[in-house]
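Asks:
Protein chains: 2
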Amino acid sequence: MPRADAARNRQLVLAAASAELAAHGLDVSMARIAARAGVAKGTVFNHFPTKEDLVAEIFEDRIGGLVALGAELRGADDPADALLRFMVAGIELQATDRSFCEAATSISRADPRVRAASGRLAETAEQLTRRARDAGAIRADVTGHDIVLLFNAAAQAAAPVGAAAPGLWRRYLHLIFDGLAPGSAHELPVPAPTAADFTAAASADPGPTG
Amino acid sequence: MPRADAARNRQLVLAAASAELAAHGLDVSMARIAARAGVAKGTVFNHFPTKEDLVAEIFEDRIGGLVALGAELRGADDPADALLRFMVAGIELQATDRSFCEAATSISRADPRVRAASGRLAETAEQLTRRARDAGAIRADVTGHDIVLLFNAAAQAAAPVGAAAPGLWRRYLHLIFDGLAPGSAHELPVPAPTAADFTAAASADPGPTG
DNA sequence: CCAAAACTTGACCACGCGGTCATGTTGTTC
DNA sequence: GAACAACATGACCGCGTGGTCAAGTTTTGG
Chain A
1 MPRADAARNR QLVLAAASAE LAAHGLDVSM ARIAARAGVA KGTVFNHFPT
51 KEDLVAEIFE DRIGGLVALG AELRGADDPA DALLRFMVAG IELQATDRSF
101 CEAATSISRA DPRVRAASGR LAETAEQLTR RARDAGAIRA DVTGHDIVLL
151 FNAAAQAAAP VGAAAPGLWR RYLHLIFDGL APGSAHELPV PAPTAADFTA
201 AASADPGPTG
Chain B
1 MPRADAARNR QLVLAAASAE LAAHGLDVSM ARIAARAGVA KGTVFNHFPT
51 KEDLVAEIFE DRIGGLVALG AELRGADDPA DALLRFMVAG IELQATDRSF
101 CEAATSISRA DPRVRAASGR LAETAEQLTR RARDAGAIRA DVTGHDIVLL
151 FNAAAQAAAP VGAAAPGLWR RYLHLIFDGL APGSAHELPV PAPTAADFTA
201 AASADPGPTG
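Sequence order for the protein chains is A and B. Letter 200 of the first sequence, counting from 1, is numbered 200 in the UniProt record's numbering, and no numbers are missing. Letter 94 of the second sequence, counting from 1, is numbered 94 in the UniProt record's numbering, and no numbers are missing.
#1: Within the 8 Å Cβ cut-off, does A/I107 reach chain B?
#2: Could you give the DSSP three-state label for A/H145: helix, strand or coil?
#3: Would you mind giving the Cβ-Cβ distance between A/L83 and A/L128, rounded to the nearest angstrom? I have them listed as a contact below 8 Å.
#4: Applying a beta-carbon distance threshold of less than 7 Å, which residues of chain A neighbour B/F59?
#5: Terminal residues of the continuous alpha helix (DSSP H) containing B/R131?
#6: Counting pairs of beta carbons, one from the region 139-154 of chain A and one from the region 173-192 of chain A, are three or more of them closer than 8 Å?
#7: Give a yes or no on whether the C-beta atoms belonging to A/H47 and A/V13 are separated by under 8 Å.
#8: Of the residues A/P166, A/E123, A/F100, A/D61, which one's Cα is nearest the Cα of A/R74?
#9: Counting only Cβ pairs nearer than 8 Å, list the residues of chain B close to A/F48.
#10: Going straight from the alpha carbon of B/A68 to that of A/G90, what length do you get?
#11: With DSSP collapsed to three states, give me the class of B/I107.
#12: Would you mind working out which of B/A71, B/L173, B/S99 sits nearest residue 211 of chain B, comparing C-alpha positions?
#13: Using a cut-off of 7 Å between C-beta atoms, extract the partners of B/V190 located in chain A.
#14: Buried or exposed for A/D5, going by 16 or more other Cβ atoms inside 10 Å?
#15: Which residues in the same chain as B/L54 place their Cβ atom closer than 6 Å to its Cβ, once the five residues preceding and following it in sequence are excluded?
#16: Give the interface partners of A/P112 over in chain B, defined as CB-CB distance under 8 Å, in chain order.
#17: Would the beta-carbon of B/V148 fall within 8 Å of that of B/A125?
#18: Measuring straight from C-alpha to C-alpha, what distance separates A/A95 and B/V39?
#19: Figure out for me which residue from B/L168, B/A135, B/A158, B/T199 has the closest Cα to the Cα of A/A163.
#20: Under 8 Å between beta-carbons, which chain B residues line up against A/F198? List them in chain order, please.
#21: By Cβ distance below 7 Å, which residues in the same chain neighbour B/R32 in space, the five residues on each side in sequence not counted?
#22: B/N152 and A/P160 look like a contact to me (Cβ under 8 Å); what is the Cβ gap, rounded to whole Å?
#23: Residues of chain A with CB closer than 9 Å to the CB of B/D53, please, in chain order.
#24: Less than 8 Å separating the beta-carbons of B/P79 and B/R131?
#25: Cα-Cα, which of A/H174, A/N9, A/A196 is closest to A/D81?
If you want it as structure tokens, here you go:
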């Protein structure tokens with residue numbers, strides 16, 4: 001059993017890291033996180049042997065939250081609305097968390113815990129998508145993987161203007177949602193990505209430093 | 001007049017930097033660029049007093065290419081097709097160039113040359129958008145700024161799978177384009193961003209390192 | 001109350017970064 | 001070809017990073 005103060009410090013570090021990552025992205029230094037937590041740098045490394053470990057734990061938690069929400073929404077009355085709410089949550093995560101929107105393209109997809117959580121997220125998205133599709137609310141050629149990737153689309157579209165137009169991502173979410181409607185659907189020129197594409201990308205991606 | 005070999009070296013550095021930035025993103029070291037160019041590190045700093053200068057020059061050039069293409073397309077027969085081609089070019093720039101897709105959110109929007117080029121790009125996008133709108137090819141509530149921001153949307157949506165599914169961005173471009181159609185347009189919940197939003201974001205954005 | 005285990009601490013290390021500069025080399029000019 | 005300016009070079013600097021560790025401090029079980 002861990003010591004009482006150690007457990008408390010662990011939570012302090014997690015909270016500090018979460019806040020710093022959200023505010024400044026993946027490039028925050030461990031020293032800065034330690035300072036915010038009110039502990040020494042060594043203490044941080046005591047609880048998390050490496051920076052990647054810390055980040056992975058936070059990411060796992062955040063993705064887990066999304067998965068939980070998705071599970072709730074699976075029982076909602078209106079499948080289209082459920083899917084929309086799911087997307088809102090996913091995009092909001094990226095729009096309000098700098099590290100999260102960076103991470104979509106890079107690091108920590110290599111971590112097994114994060115990859116497992118991402119897998120669960122994809123599955124949840126798939127189920128919500130299927131329900132919406134079966135209800136005729138969205139076009140037939142869109143998959144759960146598409147939905148997860150479209151999180152990035154809306155969040156990153158609004159990212160360049162940042163805090164100057166805080167809710168701008170909603171504009172692009174709804175624009176994309178109109179594109180998901182079955183009404184004006186033209187045939188898409190490229191097949192949807194498969195789970196294998198994601199794993200291949202995660203292992204092949206050399207990260208920012210080639 | 002510059003010396004002959006100096007001019008040649010300058011081009012070598014620009015070419016090397018362009019390739020390295022595209023391959024490895026904004027985080028490439030100046031040493032690496034110098035090595036690729038076959039010159040010493042000091043030579044790079046001789047021609048470009050700072051890393052930001054080098055990057056800005058390359059960005060200015062790339063954006064300039066897009067603007068030139070947009071000017072051509074302004075005279076095309078089919079306004080909707082012209083807009084689509086313009087978007088293809090813009091997204092392709094981001095999809096094939098790592099630094100470019102990172103830069104959308106951060107650095108070097110502070111550089112006056114890059115900002116000027118971005119301004120010209122926005123203007124070009126506005127004109128192409130107006131033509132498509134006047135022709136009834138796209139919904140009325142979409143602006144040129146939207147179009148530029150949607151470059152990010154499609155490129156970043158496909159980014160996580162990276163090289164595992166090379167043309168995937170085309171899928172999301174067409175999905176977004178379906179959302180741009182006037183047919184299934186629902187009212188968007190947030191107004192389009194203004195030019196002021198961009199300038200405010202550029203000056204307020206603290207960059208990756210808070 | 002005490003000793004052993006758990007934990008914290010901050011100085012410390014090696015490294016790679018952007019950037020500088022004295023020195024040597026090369027292209028240019030008359 | 002000489003002499004000067006323009007340029008190339010790579011050792012070097014300060015800095016911040018992720019990560020380590022011996023020594024000191026606390027909590028805990030008996």
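Beta carbons: idealized from backbone N, C-alpha and C, even for Gly. Model, not experiment: these values are computed from the prediction.
Replies: Taking the structure as given:
#1: Only weak support is given to the placement of A/I107: the predicted model assigns it a pLDDT of 48, under 50, and the question is left unresolved by the model.
#2: Reduced to three states, the DSSP call for A/H145 is helix.
#3: Correct: roughly 5 Å between the Cβ atoms.
#4: None at all; the shortest Cβ gap to chain A is about 14 Å.
#5: DSSP places B/R131 in the uninterrupted alpha helix (DSSP H) bounded by 112-134.
#6: They touch, by the three-pair rule.
#7: Cβ distance < 8 Å, so A/H47 and A/V13 count as in contact.
#8: Closest by alpha carbon: A/E123.
#9: Under the 8 Å cutoff, chain B gives no residues; its nearest Cβ is about 21 Å from A/F48.
#10: Straight through space, the alpha carbons of A/G90 and B/A68 are spaced by roughly 37 Å.
#11: With a pLDDT of 48 at B/I107, under the threshold of 50, the modelled position of this residue cannot be trusted, and the question is left open.
#12: Residue 211 of chain B is absent from the structure shown; chain B starts at 1 and stops at 210.
#13: Per Cβ cutoff of 7 Å: G167, L168, R170, R171.
#14: Exposed: under 16 other Cβ atoms inside 10 Å.
#15: Same-chain partners within the cutoff: A17, F48.
#16: For A/P112, no chain B residue has a Cβ inside 8 Å of its Cβ, as the nearest lies near 17 Å away.
#17: In this structure, B/V148 sits near B/A125, with a CB-CB distance shorter than 8 Å.
#18: When rounded, the distance between both Cα atoms is 42 Å.
#19: Cα-wise, what sits closest to A/A163 is B/T199.
#20: What A/F198 touches in chain B: P160, V161, A164.
#21: Cβ-Cβ distances below 7 Å link B/R32 to E20 in the same chain, with the five nearest sequence neighbours on each side left out; the list follows chain order.
#22: Right, the Cβ-Cβ distance comes to about 7 Å (below 8 Å), so this counts as a contact.
#23: Those do not exist, as B/D53 stays about 21 Å from chain A at its closest Cβ, beyond 9 Å.
#24: Contact: yes.
#25: Here the closest residue by C-alpha is A/H174.
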